[in-house]
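Report on the following structure.
Numbering (the numbering used here), first residue to last: 1237 to 1497.
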């Protein structure tokens, strides 16, 4: 069980930059409750050397614009970034749960988005090495510099992986779906994306109805996406649910849910 009991941080929200103004919600100093990890020391040392050297300021500006100013970028394209990540991790041992927490939290304490992507990729690779006690760390990441590019992967691959390994965490998802933070609620909606025939359909449908009246684009989109994905496994159930609740669901949610049905 990791020692990190993460107090909720304010959710990082994308800010629209004014003329000449930096739009970034930059994290503060390294949190005091990050576990000690020699592996994280090694990884972060290599990462903060190799990534900046590969940056491209002009490409970084394009990335910032595409991601609506949620964070600064170094300007590293995904294939190149992943190749650099392999170099960073070359020869490193498999992490324990504390190592995973330390790497992820330290990456998210850095401003540039590529570090956050590294953390998400790292957790996706090693989520099976984490216990249900890792969920508070996952929530902290979901609510730090929040935007779909990190939240959706954390939801489907990290939070979803934790819940799949310990179904008792479904009770925590029942709390997340009602959270005032839209990214936490979106995570609850999306955490079963990869469950297929193991999807708890009653929970999925209940979540969709509990947030159906929300006007936020990202929640409406998540409702439709979660239904569409489950529709690949149980198309009849999804069609019936949408037909019975069309008056409650937004047109966006309905359109997304039925896109391939």
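The beta-carbon is built from N, C-alpha and C at its ideal position, and this holds for glycine as well.
From a predicted model like this one, the values you see are computed outputs, not experimental measurements.
Cα separation between residue 1348 and residue 1394?
Your numbering for residue 1348 matches position 112 in the chain shown. Your numbering for residue 1394 matches position 158 in the chain shown. The straight-line gap from Cα to Cα measures roughly 21 Å.
Under 9 Å between the Cβ atoms of residue 1295 and residue 1313?
Walking along the chain shown from the start, residue 1295 turns up at place 59. Walking along the chain shown from the start, residue 1313 turns up at place 77. Cβ distance < 9 Å, so residue 1295 and residue 1313 count as in contact.
Going by Cα to Cα distance, which pick from 1412, 1482, 1431 is closest to residue 1379?
Your numbering for residue 1379 matches position 143 in the chain shown. Of the listed residues, the one whose Cα sits closest to residue 1379 is 1412.
Can you tell me where the alpha helix (DSSP H) holding residue 1489 begins and where it ends?
Here residue 1489 corresponds to residue number 253 of the chain shown, with the count starting at 1. It spans 1487 to 1493 - the alpha helix (DSSP H) in which residue 1489 sits, taken as one unbroken run.
Using only alpha-carbon positions, find the residue among 1354, 1392, 1274 that is nearest to residue 1315.
Here residue 1315 refers to the residue found at position 79 of the chain shown. That would be 1354, whose Cα lies nearest to the Cα of residue 1315.
Rounded C-beta distance between residue 1456 and residue 1489? I'm assuming under 8 Å.
In the chain shown, residue 1456 corresponds to position 220, counting from 1. In the chain shown, residue 1489 corresponds to position 253, counting from 1. That pair is a contact at about 5 Å.
DSSP state of residue 1449, grouped into three classes?
Counted from its first residue, the chain shown places residue 1449 at position 213. If DSSP states are grouped into helix, strand and coil, residue 1449 belongs with coil.
From 1310, 1397, 1346, 1325, pick the residue whose C-alpha is nearest to that of residue 1282; which is it?
By 1-based counting over the chain shown, the position of residue 1282 is 46. Of the listed residues, the one whose Cα sits closest to residue 1282 is 1325.
In its own chain, which residues sit with a C-beta less than 7 Å from the C-beta of residue 1350, not counting the 5 before and 5 after it?
Taking the first residue of the chain shown as 1, we reach residue 1350 at position 114. Taken in chain order, the residues that qualify are 1287, 1309, 1310, 1312, 1317.
Do the segment 1295 to 1306 and the segment 1329 to 1342 make contact, defined as three or more Cβ pairs closer than 8 Å?
In short, these stretches do not touch, since the Cβ pair count stays below three.
Return yes when the Cβ of residue 1427 is within less than 9 Å of the Cβ of residue 1381, no when it is not.
Stepping through the chain shown from its first residue, residue 1381 is reached at position 145. Stepping through the chain shown from its first residue, residue 1427 is reached at position 191. No, these two residues do not count as a Cβ contact at 9 Å.
On the premise that residue 1461 lies in contact with residue 1492, defined as a C-beta separation below 8 Å, what is that separation, rounded to the nearest angstrom?
Position 256 of the chain shown holds residue 1492. Position 225 of the chain shown holds residue 1461. Between residue 1461 and residue 1492 the Cβ distance is about 6 Å, and since that is below 8 Å, they are a contact.
Quick one: grab the DSSP three-state call for residue 1457.
Here residue 1457 refers to the residue found at position 221 of the chain shown. It is helical.
With a Cβ-Cβ cutoff of 9 Å, do residue 1270 and residue 1374 count as a contact?
Numbered from 1 along the chain shown, position 34 holds the residue referred to as residue 1270. Numbered from 1 along the chain shown, position 138 holds the residue referred to as residue 1374. The answer is no: Cβ separation not under 9 Å.
Do residue 1404 and residue 1368 have their C-beta atoms closer together than 9 Å?
Taking the first residue of the chain shown as position 1, residue 1404 is located at position 168. Taking the first residue of the chain shown as position 1, residue 1368 is located at position 132. Their beta carbons are under 9 Å apart, which means residue 1404 touches residue 1368 by this criterion.
Does the Cβ-Cβ distance between residue 1421 and residue 1410 come in under 9 Å?
Translated into the one-based positions of the chain shown, residue 1421 becomes position 185. Translated into the one-based positions of the chain shown, residue 1410 becomes position 174. No, they are not a contact pair.
State buried or exposed for residue 1397, treating a residue as buried only when at least 16 other CB atoms are found within 10 Å of its CB.
Residue mapping note: residue 1397 aligns to position 161 of the chain shown, counting from 1. That one is buried.
So which of 1384, 1362, 1431 has the shortest CA-CA distance to residue 1463?
Residue 1463 sits at position 227 when you count from the first residue of the chain shown. Considering only alpha carbons, the answer is 1431.
Just to confirm my understanding: we take residue 1329, look at its own chain, exclude 5 residues before and 5 after, and list those with CB closer than 8 Å. What are they?
On the chain shown, position 93 is the one that residue 1329 refers to. Excluding positions up to five away in sequence, the list reads 1275.
Could you tell me which uninterrupted alpha helix (DSSP H) segments, each at least 4 residues in length, are contained entirely in the segment 1277 to 1334, listed from first to last along the chain?
Segments of the alpha helix (DSSP H) lying fully in the segment 1277 to 1334: 1293 to 1302, 1314 to 1325.
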